[in-house]
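These notes are about the structure you will find just below.
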Amino acid sequence: MATGFSGEVATYYARHRRGYPPEVLDAVVGAFGLDNGDTVIDLGCGTGQLSLPLAARVGAVVGVDPEPDMLTLARRAAVDTGVANAAWLLGADSDLPALGRLLGDGTVGALSVAVAIHFMDRETLFRAARPLLRPGGGVVVITNGAPLWSQDAEWSRALRGCLEDLLGHPVTATCQTDDAGRRHNRDALVAAGYRVVESSVAYAAPLTVHDMVGGVFSAMSPELLPSPEGRAAFTAGVRDALGGRDAVTERVHVSLQFGLPD
């Protein structure tokens, strides 16, 4: 069941993946009228970047992920931040019908999928979600910006060059965060019987070399991670490629696609 986001990769994910600004949470809560009586399922929750802040806005969050190490770190973060209304379940999108039988039909305010949708069978998932949703509830797919190595910025091109030197091949993966990926989400929602509403949140934020490198390592399989010496050399190479700078400005574009059952 595990996806490869294990061990040190999960640790990099927890430490260096960017979270979500309040405007994103406001949009999710507003779209479905969520309140402290609602349960939200966060599918592909990772280490809780969305689950944990969302828990402060609703009655309970159920974080579901196929990687045990990710869930361990999510649970630890919940304890450290005093979040007591989140539960963490080992599972995948194909387990949603079983989870629905546990929770009951019409009991879920929202199903969220942030970043991980490209690992899932979209149309099957969206159809399986419909019976779980309470009236006014729905599905939200969130794309948290483009991968660090694929952005239209000088610093991103420099990072991509260093990454290609490290891996020995071109790096072109967008993780379906581009227009084609969002169109795939939209088409699957429509095919499953949802009305789609889209919005976005854009902001600029500092991005340190430390977080840049950690973000890259969080997307690698454990067997591809360089040795500690190799990681230090890669970090130094990225800093050199940036002209010695220790931080840049990332312009983040968060896309939200809301599916409302017709």
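The numbering used here applies: residue 2 is where the sequence shown begins, and numbers increase by one. Idealized CB from N, CA, C, for every residue including glycine.
Straight-line gap, residue 13 to residue 58 (C-alpha atoms, nearest Å): Going from the Cα of residue 13 to the Cα of residue 58 covers about 27 Å.
For residue 38, collect the residues of the same chain with a Cβ closer than 7 Å to its Cβ; drop the 5 residues on either side in sequence, then sort them by chain order. Excluding sequence neighbours, residue 38 sits near 60.
Leaving aside the five residues before and after residue 191 along the sequence, list all residues of the same chain whose C-beta is less than 7 Å from its C-beta, in chain order. For residue 191, the CB contacts under 7 Å within the same chain, skipping 5 residues up- and downstream, are 197 in chain order.
First and last residue of the beta strand (DSSP E) that includes residue 219? No beta strand (DSSP E) contains residue 219, which DSSP labels as neither H nor E.
What residue does the beta strand (DSSP E) around residue 137 start on, and which one ends it? Taken as a continuous stretch (DSSP letters only), the beta strand (DSSP E) holding residue 137 covers 134-145.
How do the region 170-189 and the region 242-259 stand: do at least 3 beta-carbon pairs fall below 8 Å, yes or no? As far as the Cβ criterion goes, the region 170-189 touches the region 242-259, which means the pair count is three or higher.
Pull up the distance between the alpha-carbon of residue 189 and that of residue 230, whole angstroms please. In this structure, the straight-line span from the alpha carbon of residue 189 to that of residue 230 is close to 44 Å.
Would you say the region 129-137 touches the region 94-101, given that touching needs at least three Cβ pairs under 8 Å? A contact is defined here as three or more CB-CB pairs under 8 Å, and the region 129-137 meets this definition with respect to the region 94-101.
Where residue 77 falls, given that 16 or more other Cβ within 10 Å makes a residue buried: So residue 77 ends up on the exposed side.
Would residue 41 and residue 62 qualify as a contact pair, given that the criterion is a beta-carbon distance under 8 Å? Yes, they are a contact pair.
Measure the C-alpha to C-alpha separation of residue 209 and residue 251 and round it to an integer number of angstroms. Distance from the CA of residue 209 to the CA of residue 251, rounded to the nearest whole angstrom, comes to 10 Å.
Mark residue 68 as exposed unless 16 or more other C-beta atoms lie within 10 angstroms of its C-beta, in which case mark it buried. By the 10 Å Cβ count, residue 68 comes out buried.
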